[in-house]
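Enquirer:
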Amino acid sequence: MTRKQLWTVISLLLAASMLLTACQPAPTPITTSEPQIITQIVEGTPREIIVTPEAPAVTEEPAGPQKKVLRLHWLTGDIPSLDTALAWDVISIQIIDTATVGLTRQNEQTGEVELAMATDYEVADDGVTYTFHLRDDVPWVKYDKISDSVVQVMDCEGNPRMVTAHDFVYAIHRTANPDTAADYAYVLGMAVKGVNEYNSGEVDDPETIGARALDDYTLEITFVEPAVYNLNLAGLWFMHAMPSWLIEGDDCTNAAGGRWVETGFYQGYGPYTLKEWIHDAELTLIKNPFWPGNDVVPSPKIDEINWRFIDGTAAMNEYEVDNMDVVSFPSNQYDRVHSDPELSQQISPTFTLGTEFYAFNTQLAPTNDVRVRRALSMAIDRAALIENVTKSGTEAHWFVHPGVAGAPKPETHPDLGIQYDPEGAKALMDEYLAETGQNAADLAIVLMFNTSEGHRRNAEAIQQMWAETLGVTVTLVNQEFAVFRATRREGAEHIYRGSWVQDYPDANNFLFEVFSPGGAYQDVVNWPFDEKVGTSYNNPLYDEFVSLLEQAAVETDPVARADLYAQAEHILVVEEAVVAPLYWYSGEVLIKPWVVDTPSITGYDRFEKWDILDH
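Note that the numbering used here has the sequence shown beginning at 4, numbered continuously upward.
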């Protein structure tokens, strides 16, 4: 848009006047002639009048290239957190991974680990001490609302703040700090030496943690064990560099504390940075022109990425009027989308290394009895669920997605896991009811899920399966995402909807970091648990489960490693029936023809590699 100006000389005998029309923003100023002073004699009286020459006509400047904005949707409800230390969910991690960069990064198409902020590394003879050499050309940036642009962050001497090894050390220390209350501190403790001791309060000096800056651009990390997945761990989001001066404050920066992730405060350094976060409505990232780019994380082609927090039906409606570029269409519109001559040409498959499941609270009757848990899992017809409801996914008979390293695979372990067996399920439930003197219809079982049309349809279908096979009436309860998670932690209900998408592509991430002591779902399932005496303790099966995982973590033979994980899975989903796996993720999205994407198998998209064509 341009500002148009009109200059008119009314009269040499009158004061010059100027009429200004300001309907549009100003163009580049146009240079005009200097005003002239003219002496006029009017009836014998000399008089000086300032005259401004008429300016040349202003032509509107040609419009520059249109901003490329990628418009996406997220489920109803706000993003839980963009704090690098506190994030735990897929969408928060996706955004953090777009605004910051780790030492390493997982290739979205191959799953292989690649160097990102690290340019090189060495491993000591002990197999646990890694020395990373960092890029020295990456500045911290922020969005400036006044100029509507991304600017560099300056230190107290007026120099650009560069991303250094010290920023990575601070990130590790902050995630490990018990005062931070980071959800993934337990994973960090499984990865980096000394974290567990500091996080538990056993020691109070963060310098005991195995992370130190040898100089500004050399970082040493000492891992817990010589695991095959240590390089993957080095790239996890909660180890990305964090701005200590912003969070804690320094001589020229006021401490932002928890506000550091909000609009107007956020500082990042990745291919994009935060422009605006309107809670419960939308979030926008803007291209960072100061990201130097490389083959692994190139400079972005798209100017802005906008997420709107709306449900699938609303997003679908917006997509069909070209107000959305990428949507996950609801399963109840599967047939319509696939039969529509235009929409069917815009379907794109998605591949995510993740698992949808139900988690049982093992401390609340009747799901505190393994027979009930096993019966409920065996009564789920997973093939029918996929065919009639989800329209996507692959039947999951165990927890670990078979696409990750170390995982057992259907072709090598065809009999592994929980199977659909309605007669066996009914026999187990009847045995429990006879022993406890109850009727199936009287069991007050509650299934809770976070608000989503897809989750509701899944729950209703499985609710019906349980009623028809077992005669039990299961009450369904849904809550918005953040509330649901808080409720889930309280452990007040019997069954909770859950999902796990890999943080790094290894079976260890699915089993040890989810169900080991302090794991992500341990506060949900409350396992180990003795059904007979009603107490939680390290029972032999649980001890065996953890032992198998510890052996598998350092096993280098892939066949032997898969067998160890298969044994652990048998304990998890059959003998103890702690979770009921439903399906391994695969799906479809609608993508507009003008969007050039790079499909991902990891569950995380690399938007800096995407583009939007003229349309």
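Positions of the beta carbon are idealized from the N, C-alpha and C atoms, including for glycine.
Could you pull the DSSP bridge partners for HIS76 from this structure?
Expert: Its beta-bridge partners are ARG311.
Enquirer: Let's see if you can read the secondary structure: which residues bound the beta strand (DSSP E) around GLY501?
Expert: Residues 498 to 504.
Enquirer: Check for me: the alpha helix (DSSP H) holding ASP338 runs from which residue to which?
Expert: Here the alpha helix (DSSP H) through ASP338 covers 337 to 342.
Enquirer: Hey, quick one: how far does the beta strand (DSSP E) through THR605 stretch, first residue to last?
Expert: Looking at the DSSP string, THR605 is not in any beta strand (DSSP E), and its letter there is neither H nor E.
Enquirer: What would DSSP say about ASN453, mapped onto helix, strand or coil?
Expert: Here ASN453 sits in strand by DSSP.
Enquirer: Can you tell which of ALA368, ASP306, PRO83 has its C-alpha closest to the C-alpha of LYS290?
Expert: Taking only the C-alpha atoms, the option nearest LYS290 is ASP306.
Enquirer: Ordered along the chain, which non-local residues of its own chain (more than five positions away) have a Cβ less than 6 Å from that of ASP608?
Expert: Excluding residues within five positions, none has a Cβ falling inside 6 Å.
Enquirer: Spatial neighbours of PHE332 within its chain, please: C-beta separation below 6 Å, excluding the five flanking residues on both sides.
Expert: MET319, VAL340, LEU593.
Enquirer: So, for GLY105: in the same chain, excluding its five sequence neighbours on each side, which residues have a beta-carbon less than 8 Å away from its beta-carbon?
Expert: So the qualifying residues of the chain are ALA119, MET120, ALA237, GLY238, LEU239, TRP240, MET242, HIS243.
Enquirer: What residues in its chain sit with their C-beta under 8 Å from that of SER3, if we drop five residues either side in the sequence?
Expert: Residue coverage of the chain in this structure runs from 4 to 618, which leaves residue 3 outside it and unanswerable.
Enquirer: Specify the secondary structure class of GLN155 as computed by DSSP and reduced to three states.
Expert: In this structure, GLN155 counts as strand in the three-state DSSP scheme.
Enquirer: Looking at the secondary structure, which residues open and close the beta strand (DSSP E) in which THR623 lies?
Expert: Given that the chain is displayed from residue 4 to residue 618, the structure contains no residue 623 and the question cannot be resolved.
Enquirer: Is ASP445 helix, strand or coil by DSSP?
Expert: In this structure, ASP445 counts as helix in the three-state DSSP scheme.
Enquirer: Closest to TRP401 by CA distance: which of ALA580, TRP263, TYR540, SER347 is it?
Expert: If we check each option's Cα against that of TRP401, ALA580 comes out closest.
Enquirer: Just the Cα atoms here: how many angstroms apart are PHE354 and VAL300?
Expert: When rounded, the distance between both Cα atoms is 21 Å.
Enquirer: Determine, using beta-carbon pairs with one atom in the region 264 to 273 and one in the region 82 to 92, whether at least three such pairs fall under 8 Å.
Expert: Output reads yes: the region 82 to 92 touches the region 264 to 273.
Enquirer: Beta strand (DSSP E) containing SER351: first to last residue?
Expert: Counting along the chain, the beta strand (DSSP E) containing SER351 begins and ends at 350 to 363.
Enquirer: How long is the line joining the alpha carbons of PRO163 and LEU249, rounded to whole angstroms?
Expert: Distance between the alpha carbons of PRO163 and LEU249: 14 Å.
Enquirer: Enumerate, from N- to C-terminal direction, the unbroken alpha helix (DSSP H) stretches of 4 or more residues contained entirely within the region 412 to 443.
Expert: Within the region 412 to 443, the complete alpha helix (DSSP H) runs of at least 4 residues are 425 to 439.
Enquirer: So, using beta-carbon positions, are PRO142 and PHE293 closer together than 8 Å?
Expert: Yes, they are a contact pair.
Enquirer: For ALA127 and ILE175, what's the separation of their Cα atoms in angstroms?
Expert: So the alpha carbons of these two residues sit roughly 21 Å apart.
Enquirer: Starting from LEU544 and walking both ways along the beta strand (DSSP E), at which residues does that stretch end?
Expert: Here LEU544 belongs to no beta strand (DSSP E); instead the alpha helix (DSSP H) covers 543 to 557.
Enquirer: Roughly how many angstroms separate the alpha carbons of VAL528 and THR365, rounded to a whole number?
Expert: Roughly 6 Å separates the two Cα atoms.
Enquirer: Closest to GLY409 by C-alpha separation, out of ASN110, PHE513, LYS429, LEU75, would be which residue?
Expert: Ranking the options by Cα distance to GLY409, first place goes to PHE513.
Enquirer: Please say whether SER519 and VAL475 have beta carbons closer to each other than 8 Å?
Expert: It is not a contact, given that the beta carbons lie outside the stated cut-off.
Enquirer: If you follow the beta strand (DSSP E) that LEU367 is in, where does it begin and where does it stop?
Expert: Element bounds for LEU367: n/a, residue is neither H nor E.
Enquirer: Quick one: Cα of GLY252 to Cα of ASP158, how far?
Expert: For GLY252 and ASP158, the distance between alpha carbons rounds to 12 Å.
Enquirer: When we look at the beta-carbon of GLN43 and count the other beta-carbons within 10 Å, is it buried (16 or more) or exposed?
Expert: Unreliable placement is indicated for GLN43, whose pLDDT of 42 sits below 50; the coordinate value is still reported in the next sentence. With fewer than 16 Cβ atoms within 10 Å of its Cβ, GLN43 is classed as exposed.
Enquirer: For the region 491 to 499 and the region 391 to 399, state whether three or more C-beta atom pairs, one from each stretch, are separated by less than 8 Å.
Expert: Output reads no: the region 391 to 399 does not touch the region 491 to 499.
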